[in-house]
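A.B. asks:
Chains as they are written, first to last, in the numbering used here: chain G, 1 to 113; chain B, 1001 to 1113.
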């Protein structure tokens, strides 16, 4: 158990809909990272937050957004969903802004029908 | 910019045989390198990391990796494969800002009894 929790574990929705994925980092970790894992794209970094502020952006679509709240949990919002958004979405956390190990949550499996 | 290349998307070894999973990196700054393992239907778990200390890094479950700057490699090895080692293995690189991790495409390890 990494100490990172993600909810829900599974999500099934329809095209055009909007969903919110939630992540709670390990106790004491200030950084949260979001990743998308799909068969064709592999593991893609989406975005990082540090102590409530956006710190780095990866291959995140404009239809996607994220935020980190004062209690350090983070939410990833996916809107206008398309079939191709079906994937595993992982959250990871780490201790500080400089390099440390990232600890991954169990993921949320999103299926868009 | 940083990137990693994992040679061989699928590797099969017999139980008890040597495991060798290859990773080559590209980095414009001294890299930090990681190996993660993903068991079926689970999140990523850190196996080991290189952060510019000893070039031979020992990780969990009997795995180790050697950083070779001249070859820009960070191959993962284990002397004797176990059935429980069957999983997906990811190599990752991060620059010293630590803000972004770049993952390889993964290597699926099959262990044959």
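Cβ atoms here follow ideal geometry from the backbone N, Cα and C, with glycine treated the same way.
1. Which residues in the same chain as residue 1066 of chain B place their Cβ atom closer than 7 Å to its Cβ, once the five residues preceding and following it in sequence are excluded?
2. Is there contact between the stretch 22-34 of chain G and the stretch 85-93 of chain G, where contact requires at least three CB pairs shorter than 8 Å?
3. At a Cβ cut of 7 Å, what residues of the stretch 31-59 of chain G count as close to chain B, listed as they run along the chain?
4. Does the stretch 1038-1053 of chain B come into contact with the stretch 1085-1094 of chain B, if we say contact requires no fewer than three beta-carbon pairs (one atom in each stretch) closer than 8 Å?
5. Based on the DSSP secondary-structure assignment, which residues constitute the bridge partners of residue 1025 of chain B?
6. Indicate whether at least one CB of chain B lies closer than 7 Å to the CB of residue 106 of chain G.
7. Helix or strand or just coil, what does DSSP make of residue 42 of chain G?
8. Can you look up residue 51 of chain G in the DSSP assignment and give me helix, strand or coil?
9. I'd like to know whether the C-beta of residue 1105 of chain B is nearer than 7 Å to at least one C-beta of chain G.
10. Which runs of the beta strand (DSSP E), 3 residues or longer, sit entirely within the stretch 1032-1088 of chain B?
11. In terms of residues, what are the limits of the beta strand (DSSP E) holding residue 17 of chain G?
12. So, does the stretch 101-110 of chain G touch the stretch 1008-1019 of chain B, judging by three or more C-beta pairs under 8 Å?
13. Count the other CB atoms within 10 Å of the CB of residue 57 of chain G; is the residue buried (16 or more) or exposed (fewer)?
14. Quick one: Cα of residue 1 of chain G to Cα of residue 103 of chain G, how far?
15. Is the Cβ of residue 90 of chain G closer than 7 Å to any Cβ of chain B?
16. Within the continuous beta strand (DSSP E) that includes residue 93 of chain G, where are the two ends?
17. Quick one: grab the DSSP three-state call for residue 83 of chain G.
18. Give the DSSP-derived three-state secondary structure of residue 110 of chain G in the structure shown.
19. From residue 3 of chain G to residue 27 of chain G, what does the alpha carbon distance come to, in whole angstroms?
20. Below 8 Å between beta carbons is the criterion; list the residues of the stretch 1044-1058 of chain B that meet it against any residue of chain G, in chain order.
21. Run down chain A in chain order and give the residues with a C-beta less than 7 Å from the C-beta of residue 102 of chain G.
22. Buried or exposed: where does residue 83 of chain G fall if 16 or more other Cβ atoms within 10 Å of its Cβ makes it buried?
23. Taking C-beta pairs closer than 8 Å, name the residues in chain B that residue 2 of chain G reaches, listed in chain order.
24. Count the CB pairs spanning the stretch 1006-1015 of chain B and the stretch 44-63 of chain G that are closer than 8 Å, and state whether there are at least three.
C.D. replies: The relevant details are as follows:
1. Against the second chain, residue 1066 of chain B aligns to sequence position 66. When the five nearest sequence neighbours on each side are left out, the beta carbons in the same chain lying within less than 7 Å of the beta carbon of residue 1066 of chain B are those of 1055, 1056, 1075, in order along the chain.
2. The answer is yes - the stretch 85-93 of chain G touches the stretch 22-34 of chain G, with three or more Cβ pairs under 8 Å.
3. Taking 7 Å as the upper bound on Cβ-Cβ separation, chain B lies near residues 42, 43, 45, 48, 55, 56, 58 of the stretch 31-59 of chain G.
4. In this structure the stretch 1038-1053 of chain B touches the stretch 1085-1094 of chain B; the number of beta carbon pairs closer than 8 Å is three or more.
5. As a working note, residue 1025 of chain B is residue 25 in the second chain. Partner(s): B:1004.
6. As a first step, residue 106 of chain G must be located in the first chain, where it is residue number 106. It does; some Cβ of chain B falls within 7 Å.
7. By one-based count along the first chain, residue 42 of chain G stands at place 42. It is a strand residue.
8. What you label residue 51 of chain G is simply residue 51 of the first chain in a count that begins at 1. Here residue 51 of chain G sits in coil by DSSP.
9. Translated into positions along the second chain, residue 1105 of chain B becomes position 105. Against chain G, the CB of residue 1105 of chain B has a partner CB under 7 Å away; the residue lies at that interface.
10. Runs of the beta strand (DSSP E) inside the stretch 1032-1088 of chain B: 1032-1038, 1044-1050, 1056-1058, 1064-1068, 1073-1078.
11. Position 17 of the first chain, counted from the start, is the residue given in the question as residue 17 of chain G. Judged by DSSP secondary structure, residue 17 of chain G falls outside any beta strand (DSSP E); it is assigned neither H nor E.
12. Counting Cβ pairs under 8 Å, fewer than three are found: no touch.
13. In the first chain, the residue the question calls residue 57 of chain G occupies position 57. Taking all protein chains in view, the Cβ of residue 57 of chain G is surrounded by fewer than 16 other Cβ atoms within 10 Å, so the residue is classified as exposed.
14. Locating residue 1 of chain G in the first chain gives position 1, counting from the first residue. Locating residue 103 of chain G in the first chain gives position 103, counting from the first residue. Roughly 10 Å separates the two Cα atoms.
15. Residue 90 of chain G sits at position 90 when you count from the first residue of the first chain. By the rule that beta-carbons nearer than 7 Å mark a contact, residue 90 of chain G touches chain B.
16. Start at 1 with the first residue of the first chain, and residue 93 of chain G comes out as number 93. Looking at the DSSP string, the run of the beta strand (DSSP E) that includes residue 93 of chain G is 87-94.
17. Against the first chain, residue 83 of chain G aligns to sequence position 83. Of the three classes helix, strand and coil, the one that applies to residue 83 of chain G here is helix, per DSSP.
18. To locate residue 110 of chain G, count along the first chain from 1; it is residue 110. Three-state DSSP puts residue 110 of chain G in a strand.
19. Your numbering for residue 3 of chain G matches position 3 in the first chain. Your numbering for residue 27 of chain G matches position 27 in the first chain. Spanning the alpha carbons of residue 3 of chain G and residue 27 of chain G requires a straight line of approximately 8 Å.
20. Cβ contacts with chain G: 1044, 1045, 1046, 1049, 1051.
21. This model lacks chain A altogether, as its protein chains are G and B.
22. For the purposes of this step, residue 83 of chain G is identified with residue 83 of the first chain, where counting begins at 1. Residue environment for residue 83 of chain G: exposed (fewer than 16 other C-beta atoms within 10 angstroms of its C-beta).
23. One-based indexing of the first chain puts residue 2 of chain G at position 2. Residues of chain B passing the Cβ test: 1043, 1045.
24. Touching, no.
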